[in-house]
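Numbering (the numbering used here), first residue to last: 33 to 105.
We put the beta carbon where it would ideally sit given N, CA and C, even for glycine.
Have a look at the structure below, then the notes.
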Amino acid sequence: MATYDVPGAQEKMRELVDRSLMGEKITISTGAGNIVMISEEDWDSLVEAVSVLTVPAVLESYKSSLKSATESA
């Protein structure tokens, strides 16, 4: 993950957009907090994952899978 301040991000915006589209996560720091630049495809994947994990049965299945994987490792 690359981190830039606002002036640095403004100077390199086209490059940062291209890098984001290639899957790199970009952080832009401000005095008020940070923002993260990700591609729309990555955003859609995150939204879908959160949506799926709000279904209690799916969440429990996921937790069970993680527990099984940890125990067998």
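- Message: According to DSSP, simplified to helix, strand and coil, what is V84?
- Response: Correct three-state label for V84: helix.
- Message: What residue range does the alpha helix (DSSP H) around M45 cover?
- Response: For M45, the enclosing alpha helix (DSSP H) starts and ends at 45-53.
- Do we get a CB-CB distance below 9 Å when we pair G55 with the residues of chain B? Although the question refers to chain B, the structure presented lacks it and comprises just one protein chain.
- Where A41 falls, given that 16 or more other Cβ within 10 Å makes a residue buried: Counting C-beta atoms within 10 angstroms of its own C-beta, A41 has 16 or more neighbours from the protein chains shown and is therefore classed as buried.
- Locate the beta strand (DSSP E) running through I58, then write down its first and last residues. I58 -> beta strand (DSSP E) spans 58-62.
- What is the residue span of the beta strand (DSSP E) that A34 lies within? A34 -> beta strand (DSSP E) spans 34-37.
- Message: Distance check for E92 and I16, CA to CA, integer angstroms please.
- Response: Examination of residue 16 is not possible in this model, given that the chain is present from 33 through 105 alone.
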